[in-house]
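Trainee: Just so you know, our numbering puts 422 at position 160 of the sequence shown, and the rest follows in order with no gaps. Each residue gets a CB set at the ideal place from its N, CA and C atoms; glycine is no exception. These numbers come from a predicted model, not from an experiment.
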Amino acid sequence: MHSEQDTAQLNLDEEAARYGERAVHDPSARAEFVELCLPLAHRLAHRYRGRGEPFADLEQVARLGLVKAVDRYDAERGSFTAFAVITILGELRKHFRDRTWGVRAPRRLQDLVVQIRHAGSDLTNTLSRAPSTTELADRLHTTTDEVDKAMLSAAGYTLLSLNAPVTSPGSGGGTAERGDLIGEVDGDLAAIDDRLTIQSLLDRLPERERQILILRFYGNLTQVEIAQRCGISQMHVSRLLSKTLTWLRNAMLSDTPPHWGDVEEAGLVAPRLRVTTTPAGGGTLTVAIGGEVDRDSADELRQAILNGLARRPNTLQLDLSAVPFIDAAGIAALVSGYQESRRAAVDLRLRGTQPHVRRILAIARLPYM
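#1: Which of the three DSSP states is assigned to Leu530 in this structure?
#2: Terminal residues of the continuous alpha helix (DSSP H) containing Gly599?
#3: Please list, in chain order, all residues of the same chain as Thr506 whose beta carbon is under 6 angstroms from its beta carbon, the five residues on each side excluded.
#4: Going by DSSP, which residues form a beta bridge with Ile551?
#5: Near Ala560, what residues of its chain come up, given a Cβ to Cβ distance below 7 angstroms and the 5 sequence neighbours on each side ignored?
#6: With distances taken Cα to Cα, identify the nearest neighbour of Pro586 among Leu300, Leu374, Thr539 and Met497.
#7: Taking Glu277 as the reference, which of Thr546, His287 and Ala291 has the closest Cα?
#8: Could you give the first and the last residue of the continuous beta strand (DSSP E) run that contains Gln461?
#9: Please find out if some non-hydrogen atom of the ligand ATP comes closer than 7 angstroms to the beta-carbon of Thr615.
#10: Find the nearest neighbour of Tyr310 within the set Asp288, His380 and Glu294, judged by alpha-carbon distance.
#11: Among the candidates Ala399, Ala392 and Ala307, whose CA atom is the shortest distance from the CA of His357?
#12: Indicate whether Ala324 and Ala346 have their beta-carbon atoms separated by less than 8 angstroms.
#13: Within this structure, are the beta carbons of Ala303 and Ile348 separated by less than 8 angstroms?
#14: Taking Cβ to Cβ, would you say Leu610 is nearer than 8 angstroms to Gly599?
#15: Look at the alpha carbon of Phe295 and the alpha carbon of Tyr281, and state the distance between them as a whole number of angstroms.
#16: Would Ala572 and Val549 be called neighbours here (beta carbons separated by less than 8 angstroms)?
#17: According to DSSP, is Ala279 helix, strand or coil?
#18: Would you mind stating whether Gly570 and Leu563 have Cβ atoms separated by less than 8 angstroms?
#19: Would you kindly work out how many angstroms separate the C-alpha atoms of Leu580 and Phe479, rounded to a whole number?
#20: On the CB-based measure, 16 or more other CB atoms within 10 Å of its CB, does Asp384 come out buried or exposed?
#21: Run the CB neighbour count on Val286, radius 10 Å, all protein chains shown included, and call it buried at 16 or more, exposed below.
#22: Under a three-way DSSP split, which group does Ser504 fall into?
#23: Kindly indicate the opening and closing residues of the alpha helix (DSSP H) around Ala318.
#24: Rounded to a whole number of angstroms, what is the C-alpha to C-alpha distance between Leu328 and Asp275?
#25: Could you tell me the distance, in whole angstroms, from the CA atom of Ile494 to the CA atom of Ile588?
#26: Do Leu374 and Glu408 come within 8 angstroms of each other at the CB atom, strictly closer than that value?
#27: Let's see if you can read the secondary structure: which residues bound the alpha helix (DSSP H) around Ser383?
#28: Using a Cβ-Cβ cut-off of 8 angstroms (strictly less than) and excluding sequence neighbours within five positions of Leu547, which residues of its own chain qualify?
#29: Which first and last residues belong to the alpha helix (DSSP H) in which Gln473 is found?
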């Protein structure tokens with residue numbers, strides 16, 4: 263390999279002419295000419311030392327520029343040396359623009375940062391002080407706004423890693439990562455994931471339960487106001503909220519949300535009705551029901567009747583004295599139970615009905631019960 267002193271004594275333009283003649287019939291001519299010019303690439307890379315990049319990397323970039331210059335050179339365009347210098351310096355500048363900026367700034371600002379550094383150094387020597395933004399702008403024939411933008415973008419040239427170890431104050435000499443010492447816990451940011459999850463879970467709820475949940479927690483309505491708006495009792499609203507919140511809680515804690523119908527099956531919600539069965543003598547069996555009978559508890563009423571019929575009494579008394587409300591689903595359960603009692607030849611009777619429930623039974627035309 264030729265030394266820099268040897269290369270300085272060579273006329274690379276003449277060597278380029280010889281290379282052009284040899285390259286036609288000698289495949290080794292290219293490699294030899296590149297090796298001859300390597301000291302030129304070394305000298306140009308040396309200009310960029312001390313800018314935060316390993317010199318070995320800069321030298322590799324400069325050599326790549328040299329190879330490009332050798333491959334692209336056209337003798338008709340002029341001096342090879344001038345062409346090689348422009349090509350190599352262009353590769354070095356491109357390397358600094360593309361590889362060393364932690365945050366990419368527009369190319370014009372990157373170039374202006376370099377010019378500001380050179381101009382700043384010259385003006386500092388001339389003025390014996392740091393130059394002002396206006397003086398830098400005048401020197402570079404640009405605006406102060408452009409100088410400000412360039413100096414601001416220069417902060418993105420070298421970034422500090424949040425994972426870099428630093429000594430933590432009061433840690434007794436221990437180390438922590440830089441990111442541990444910056445900022446504070448943001449509750450709103452931490453809640454974003456939960457909010458997104460809840461939003462997707464709300465879409466899985468039945469329409470009525472979703473509406474009640476929205477009215478309660480987004481509309482800030484009381485359970486009584488929700489009951490009036492939905493046409494159900496306050497106790498029913500309370501029960502639906504309890505069921506819905508139980509499902510949401512379990513869905514949030516599981517990888518796969520449970521099916522809505524699995525809430526009761528998994529025992530997550532307690533039975534809605536209180537059922538007490540008592541023999542009354544003389545072949546009479548009393549089944550006392552407590553609680554509101556609606557769409558969500560009608561099956562429990564129907565099952566209570568079937569369980570009573572299974573014991574084959576002569577008379578089955580259904581005590582509804584502790585039932586303050588019954589809706590259409592409850593009425594359907596009573597009708598179904600009555601039909602089963604007819605098939606089983608059991609006399610089904612109601613007793614203790616409250617006035618409100620008695621009116622509903624009359625409207626449903628069930629006086630025979």
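Mentor: By the coordinates alone:
#1: The predicted model places Leu530 with a pLDDT of 45, which falls under 50 and marks its position as unreliable; any figure quoted below should be read in that light. Coil, per DSSP.
#2: Ala590 to Arg605
#3: Glu471 and Leu475
#4: Val537
#5: Cβ neighbours of Ala560 beyond the five flanking positions: Ala591, Gly592, Ala594 and Ala595.
#6: Met497
#7: The candidate whose alpha carbon is nearest that of Glu277 is Ala291.
#8: From DSSP, Gln461 is part of no beta strand (DSSP E) but of the alpha helix (DSSP H) over Ile454 to Leu464.
#9: This structure lacks the ligand ATP, and indeed carries no ligand of any kind.
#10: Ranking Asp288, His380 and Glu294 by Cα distance to Tyr310 puts His380 first.
#11: Ala307
#12: Ala346 sits away from Ala324, with the two beta carbons spaced by 8 angstroms or more.
#13: no
#14: yes
#15: Rounded to whole angstroms, Phe295 and Tyr281 show a C-alpha spacing of 7 angstroms.
#16: For the pair Ala572 and Val549, the CB atoms are not nearer than the 8 angstroms cut-off.
#17: If DSSP states are grouped into helix, strand and coil, Ala279 belongs with the helices.
#18: The Cβ-Cβ distance between Gly570 and Leu563 does not fall below 8 angstroms.
#19: 38 angstroms
#20: exposed
#21: exposed
#22: helix
#23: Phe317 to Arg334
#24: 14 angstroms
#25: Here the alpha carbons of Ile588 and Ile494 stand approximately 10 angstroms from one another.
#26: yes
#27: Arg369 to Leu389
#28: Thr539, Thr540, Pro541, Gly570, Arg573, Pro575, Thr577, Leu578 and Gln579
#29: Glu469 to Phe479
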